[in-house]
Amino acid sequence: MKKMKRFFALFLAMAMVLGMSMTTMAAPGDATAKITINVKEATGATIKYAKIAEAAPTTPLGWSLVEGVTLSNGVTIEQLANVAQGKSNEEAVKDAADGTINSNELVAKAIKDIILDTTLDAGVTEITGVTPGLYVIEVQKNGWTFTRMLAYVAWNNDNTAAVPVTSVTAKGAPDQVAKEISAEGNTSVSEGDVVPFEVTATYPYLAQTIENPRFEIKDEVKGGEIQGTPVVTIDGANASANDVTVTVAEDKKSFTAVFNYKIANASDAVVIRYNVEVKLGANETQLENNVSSTISSLTGGDPTTTDAKVISPTVDATVKKTAETADGTALAGAKFALYVESNEGATAYKNAEDAIIVLEEGASVPAGMTALKYVDEQITGDGEDGTTLGIATFTKLDADKKYWVVETEAPTGYSLNTRAEALTGAVITPGTAEPKEIDGKTVMVTENKKESDFTQVTIVDTTLSALPSTGGIGTTIFTVGGCAIMILAAGMFFVSRRRAAK
């Protein structure tokens, strides 16, 4: 009987040891078990990872840190395990895939400083041959910011190997802010134009370990003024005062949008729309719009700033005044008026004979006529004080518009040419965003380039003709005869009065 008791005691002890070590004896995992990382815009991305926890069935927790791993910010493995407490393996894996676990603040603090010692080949987005445990994964890509992820590779239902596939989604967004003119026909501009702009960015992912996260967009205008307050949308919906604060400078040359950072908005599209009225200074010949996006933390080191620029130039036009001579003598002092085709604010119209008729106050443009709006007036130079003889110059014009020029005052001694001439030949090449080094940093520049100004217009005047002389005496004899008669009559008058007096 005592032998039987000893046998059963030994059997029970062996059973207990066997039970405690079954998980340890289980296969370490199928070589095909893997973690799949879903990366938006995966081209050019590099993935680094490290396993930080592994199964430890002989411990009360069942997990332990990999040798040499220390969690950041004093977080313990027990605290990490509690993140998924009460969930089945499948539920925990699902949470890891949709980011629930990865966006947990405790997790972010725990894995912040973990050294990632393994790098996948460029373009590879799978970690193969994984075994149950916890993995820290980080995606790195030039021009993008990603947060670290904690992937939980669970045991299968038999506790014999890792689940075949664990899927996680990389949380990241491009750093680069983008800017464009949001309507066609504004590759070139002129004074008074209202140009619609659109700034686009992706709401960034900032680790929850960052204190005082910063996300702001600033826009500066040269050669124009911002109209009203820019409108901000996040994921297609108008942003509220709780989402962002937009401040326009007093001189209307810039605005700043400071976002109240919310992790829930991460990866959403941010769009800022606003209008700029072109107001060119004396030395400005183009509208230049600069935008920058700044992402940083007061405790996270230097900020990440990206810049974009859009340039829209103006063009010029010259009119040459010449005499109707063999050598086309240039003439000073001719005055020309410039008009632009416009149905809004029309002040004149062009008739079928290409003459420009100025509208009287309150009058409207006749049906079928080309409506025109007065732009400017210039006089041909005399060749002095920096002017060019016979040339009148109109500056800061829009290559996309239709202009007409007409002579309104001829030089002394010459006839007026009343035929209106169209300006043609100005060419602007639309630009595409290209990286350029400006002041030591890379800026995405969209430059609409001026290829040519308007082609010079030459307007010819004829001289005024004097009345011809016939070679005869004309009216001279009658003038002399009339004067003689008047003198004779006066003499006779005074003689008759003298006789009467005697």
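Sequential numbering from 1396 applies to the sequence shown in my numbering.
Here a beta-carbon is modelled for each residue, glycine too, at the ideal position from N, C-alpha and C.
Residues 1847, 1848, 1849 and 1850 of the same chain have their beta carbon placed closer than 8 Å to that of residue 1820, with the five preceding and five following residues left out of the count.
Taking 8 Å as the cut-off, the Cβ atoms of residue 1766 and residue 1804 do not count as close.
Under the three-state reduction of DSSP, residue 1839 is assigned to strand. The shortest C-alpha to C-alpha distance from residue 1727 to any of 1682, 1575, 1807 and 1632 is the one to 1807. By the criterion of at least three beta-carbon pairs nearer than 8 Å, the stretch 1507-1519 is in contact with the stretch 1432-1443.
Proximity to residue 1427 across 1556, 1843, 1472 and 1504 peaks at 1556, based on C-alpha coordinates. Sequence-distant Cβ neighbours of residue 1513 in its own chain, meaning closer than 7 Å and more than five residues away, are 1443, 1444 and 1445. Contact fails between the stretch 1672-1681 and the stretch 1809-1823, because fewer than three Cβ pairs, one in each stretch, are under 8 Å apart. Under the three-state reduction of DSSP output, residue 1764 falls in the coil class, being neither helix nor strand.
The DSSP-derived three-state label of residue 1831 is strand. Listed in chain order, the beta strand (DSSP E) runs fully inside the stretch 1633-1675 are 1639-1643, 1649-1654 and 1664-1673, counting runs of at least 3 residues.
Per DSSP, reduced to three states, the secondary structure at residue 1716 is strand. Taken through DSSP and simplified to helix, strand or coil, residue 1681 comes out as strand.
Check the Cα spacing between residue 1544 and each of 1501, 1718 and 1461: the tightest is with 1501.
Beta-bridge analysis with DSSP links residue 1774 to 1730.
With respect to the 8 Å criterion, residue 1639 and residue 1653 are classified as neighbours on the basis of their beta carbons. Secondary structure of residue 1503 (DSSP, three-state): helix. When the beta-carbon positions are compared, residue 1521 and residue 1431 come within less than 8 Å of each other. Residue 1598 and residue 1665 have their C-alpha atoms some 6 Å from each other. Residue 1748 carries a coil assignment under DSSP once its states are collapsed to helix, strand and coil. Residue range 1786-1792 is occupied by the beta strand (DSSP E) that includes residue 1791. Annotated as distal: residue 1686 and residue 1589, with beta-carbon spacing of 8 Å or more. The shortest CA-to-CA distance from residue 1475 to any of 1704, 1882 and 1531 is the one to 1531. Residue 1561 places its beta carbon 8 Å or farther from that of residue 1449. In the structure shown, the three-state DSSP call for residue 1467 is helix. Within 10 angstroms of the beta-carbon of residue 1843 lie 16 or more other beta-carbons, which makes it buried. Excluding residues up to 5 positions away in sequence, 1466, 1467, 1468, 1470 and 1475 lie with their Cβ nearer than 7 Å to the Cβ of residue 1505 in the same chain. Ranked by Cα distance from residue 1837, the options 1756, 1606, 1586 and 1572 are led by 1572. With fewer than 16 other beta carbons inside 10 angstroms of its own, residue 1831 counts as exposed.
In this structure, DSSP gives residue 1556 a state outside helix and strand, which the three-state scheme calls coil. Collapsing the DSSP output to three states places residue 1476 in a helix.
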